[in-house]
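Take a look at the structure set out below.
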Amino acid sequence: MEKNWILIGKGIINWGRDERIGDRYGTVGLFDGSQDNLLPIKDVRGHGKLIAHIRKTRQSYHIGDVFRGLSPKTPKENEFIELGEGTVFFEHKNGIQGRYIGLKPDEPRDSDWLNPQALYRCHSQTVDLYFAPTQTWICEECGTEYASSTGDKPTPPKWKDGHECKLTPKPSAEEQVASEQVPSSSHAQATSSHT
Ligand SMILES: [Zn+2]
482 MEKNWILIGK GIINWGRDER IGDRYGTVGL FDGSQDNLLP IKDVRGHGKL
532 IAHIRKTRQS YHIGDVFRGL SPKTPKENEF IELGEGTVFF EHKNGIQGRY
582 IGLKPDEPRD SDWLNPQALY RCHSQTVDLY FAPTQTWICE ECGTEYASST
632 GDKPTPPKWK DGHECKLTPK PSAEEQVASE QVPSSSHAQA TSSHT
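Count along the sequence shown from 1, then add 481; that gives the number in our numbering.
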């Protein structure tokens, strides 16, 4: 578990039938044992990964996705399973109280927004669900951006011109909006030959 992961909910993980039928596999929900009430999921925004930490295992009743030859597998307790990466959204489904959380992938696609193999490894398991926000690092001198989903500082490449990137964490979009209200000293525009 990495230091920047956010615990967003606990419960039995499942998803709507429509996700399998439509092949989108875009959202998951947390239940308390009944299939009617979704447990709360903390409000998070932005880009990152969803990760299920398996706390308690049980045999899934789900037949799987027969068209894909996927059936539920019982994982090990304490296992961390990465469900996918993208931009967070929440969704409500007919007849079910509460909300599902999903990730929209960066590359536009109609199916497999989350990873179906990973999902069927988690089905019906009691999990702690984490959101791992993608931290962007930026070079103060040349403006090159680097993404890190662990929160750790990435290792910049060796540039041919000898430039060494000096990375600082780039504020999230929300933090940027807040700081734009405050007048800040104008930084010299960095120019670079390796954009
Ligand atoms: Zn640089």
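Cβ coordinates follow ideal geometry from the N, Cα and C atoms, glycine included.
Skipping 5 residues on each side, what residues in its chain have a beta carbon closer than 8 Å to that of residue i?
i    : result
I535 : P556, K557, E558, N559, E560, F561, I562, C603, Q606, T607, V608
W486 : I532, Y611, F612, A613
I544 : S552
Excluding the 5 residues flanking residue i on each side, which residues of the same chain have their C-beta closer than 7 Å to its C-beta?
i    : result
W594 : R505, Y506, G507, G565, G567, G583, L584, K585, P586
D524 : none
K484 : G632
G550 : none
Q616 : N485, S629, G632, P650
V547 : none
In terms of alpha-carbon separation, which member of the options lies closest to residue i?
i    : options                : result
E500 : P597, A613, Y611, K641 : P597
G503 : D591, A599, Q578, K484 : D591
W496 : G529, L600, H528       : L600
S515 : I522, K484, H528, G492 : G492
Y581 : L511, K484, E483       : L511
I489 : D517, E483, I522       : I522
H644 : D633, L519, T631, C620 : C620
I494 : K537, Q616, G576, H528 : K537
Q540 : H573, M482, D546, K554 : K554
G527 : S630, T649, V547       : S630
M482 : D546, E588, L520, K530 : K530
List the DSSP bridge partners of residue i.
i    : result
D587 : Paired residue(s): none; D587 is not in a bridge.
H534 : F561, D609
C620 : L648
Q578 : N518
T508 : G583
CB-CB under 6 Å to residue i, same chain, minus the five flanking residues each way: which ones, in chain order?
i    : result
N518 : Q578
Y627 : W618, P635
R498 : none
K574 : G497
Determine, using beta-carbon pairs with one atom in the segment 568-579 and one in the segment 629-648, whether at least three such pairs fall under 8 Å. Between the segment 568-579 and the segment 629-648, the count of Cβ pairs shorter than 8 Å is below three; the stretches do not touch.
Ligand 1 site residues, beta-carbon cut 6 Å against heavy atoms: Ordered along the chain, the selected set is C620, E622, C623, T625, H644, C646.
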